[in-house]
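Structure record follows, encoded as structure tokens.
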Ligand SMILES: Nc1ncnc2c1ncn2[C@@H]1O[C@H](COP(=O)(O)OP(=O)(O)OP(=O)(O)O)[C@@H](O)[C@H]1O
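Residue numbers (UniProt numbering): 1 to 461.
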């Protein structure tokens, strides 16, 4: 990752296991735990309660020299998806928890539950079994993975990048956490952005194509992302118990051919039940492939004296999802995405509001009441002799203001953020004759607050 505005201190902290850099007064950063294509993950400590966490620093690609506008959009979408997916899946014991999101102008920081055991990939290398687990341990790990994936599907989230590098381990008890939802898709949009999704898959799966389902390799055909996740789980199960990949070849096209024909051989130590389950998971025909909710009924799970996977199975019991149910949450994810946070977390320049008339202002105020905020703006607009039109929903609302001369118009939006905060965004669409309105806006909305958390303004629209 290229250096960012906090890189010297971050690098110093990363050199050892000490916690020397404090991120926005909240998290002391320690050593680097891992790196992704666009991120660095640090071990960190919450200064408030001393809790150990992981901080994933994702640099926003901004320079035209290092990325195209399409790359920048794709990177932004990855962060938005990861934040929205982790929020939606919060509370499942085998999905890594998102604890906080912070941002600077150049970097988004996801504060995650710390998985002390590293990735499943590195754990496999360190196993006494020479890179593989025995069937009881593999069963325990796979049950947790299937439970996390079933939970995600039941909430309309498809991971699309299930592989051992994205499975983290915590504690000595082999507790698995599904992580890295940067490529995930939501049920509501699954077929909306098919083209984008193929682009994303094509761009990102190049590094580890061994886990990709055959149907997702057929670029012009839409595919069911849930069934593709089940295939990837099948490859993971094979790797867990075999210690090597079912489909492998130095030549990428040859590997794709093997995947599409689902040609692989079982190691001689696999039990008949395991062979049967993997055969059902790695079925090249998505429609006959075993469904995520049926996995626990397979005889391989009836081994070891029928252990109880009760809490795990509970997540699989409602595999169908109700898209409507999640609309409100999607709305929330849209309202607060990590890049919006950058907008108000990066600067604190009040001069634009008080001095020259800016085109657009955005700020955050404490308070969870959209209605009364809009009331105040509406009242101010009327006092200034502006025509006022108002639109209001549960979590957001807007006021359109227009001067009677037609020379001034502005639009103000208020969004409810988590933790009882409101984000206010005002845009001046035309005209420049009512600076008083902007100044009053500041005083009316912020003047009574003791805490002005973060503030920024943008001169250009
Ligand atoms: N919560 C966590 N606890 C401990 N280590 C973590 C955690 N999250 C990530 N890591 C480490 O950081 C590495 C990179 O994380 P992650 O895969 O989320 O990044 P990424 O940029 O999305 O990667 P990719 O390039 O695969 O998309 C992981 O492989 C792991 O070693």
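We put the beta carbon where it would ideally sit given N, CA and C, even for glycine. Since this is a predicted model, take the numbers as computed values, not measurements.
Exercise for review: In the DSSP assignment, find the alpha helix (DSSP H) that holds residue 227 and state where it starts and stops.
Suggested key: 225-242
Check your understanding: Tell me which same chain residues have a C-beta within less than 7 angstroms of the C-beta of residue 463, skipping the five on either side of it?
Key -> The chain is shown from 1 up to 461; residue 463 falls before or after that span and cannot be answered.
Review point. Could you give the distance in angstroms between the alpha-carbon of residue 399 and the alpha-carbon of residue 416?
Key: 15 angstroms
**Study point:** Alpha-carbon spacing of residue 295 relative to residue 209, whole angstroms
**Key:** The C-alpha of residue 295 lies about 24 angstroms from the C-alpha of residue 209.
Point to revise | Euclidean distance between Cα positions of residue 216 and residue 139 | key: 27 angstroms
Check your understanding: Any chance the CB of residue 383 is under 8 angstroms from a heavy atom of ligand 1?
Key -> no
Point to revise | Limits of the alpha helix (DSSP H) - the one that residue 177 falls within | key: Where residue 177 is concerned, there is no enclosing alpha helix (DSSP H), although the beta strand (DSSP E) it sits in stretches over 175-178.
Point to revise | Continuous beta strand (DSSP E) assignments of at least 3 residues falling wholly in the region 101-186 | key: 107-113, 167-170 and 175-178
Point to revise | Proximity test, residue 29 beta-carbon vs ligand 1 heavy atom, cut-off 8 angstroms | key: no
Review point. In chain order, what residues of the same chain lie with their CB nearer than 6 angstroms to the CB of residue 259, ignoring the 5 residues before and after it?
Key: Correct list, in chain order: 214 and 247.
Point to revise | Bridge-paired residues (DSSP) for residue 398 | key: 391 and 413
Point to revise | Cα-Cα separation between residue 343 and residue 108, rounded to whole angstroms | key: Confidence at residue 343 is low in this model, with a pLDDT of 38, below 50, so the placement of that residue should be treated as unreliable; the coordinate-derived value is given next. Using only the alpha carbons, I get a separation of about 11 angstroms.
Point to revise | C-alpha distance - residue 176 paired with residue 141, whole-angstrom precision | key: Near 6 angstroms, if we compare the C-alpha coordinates of residue 141 and residue 176.
Practice item. Throw me the rounded Cβ distance for the residue 59 and residue 106 pair, which I believe falls under 8 angstroms. Key: 6 angstroms
Review point. Ligand 1 heavy atoms versus the CB of residue 104: any closer than 8 angstroms?
Key: no
Practice item. Ignore the nearest five residues each way along the sequence and tell me which others in residue 18's own chain have a CB closer than 7 angstroms to its CB. Key: Excluding its 5 nearest sequence neighbours in each direction, residue 18 has C-beta neighbours in its own chain below 7 angstroms: 30, listed in chain order.
Point to revise | Cutoff 7 angstroms; reference residue 233; Cβ partners in own chain excluding five residues on either side | key: 145, 146, 149, 162 and 281
Review point. From residue 84 to residue 180, what distance separates their C-alpha atoms?
Key: 12 angstroms
Exercise for review: Would you identify the three-state DSSP class for residue 84, choosing helix, strand or coil?
Suggested key: helix
Practice item. State the CB to CB distance for the pair residue 53 and residue 22, rounded to an integer number of angstroms; the pair is presumed to be in contact (CB under 8 angstroms). Key: Wrong, their Cβ atoms sit about 13 angstroms apart, outside the cutoff.
**Study point:** Contact belief for residue 97 with residue 90 at Cβ below 8 angstroms, rounded distance in angstroms
**Key:** The beta-carbon separation of residue 97 and residue 90, rounded to 6 angstroms, stays under the 8 angstroms limit for a contact.
Point to revise | Whole-angstrom C-beta distance between residue 155 and residue 88, which should lie under 8 angstroms | key: 5 angstroms
Check your understanding: What did DSSP end up calling residue 18 once you bin it into helix, strand or coil?
Key -> coil
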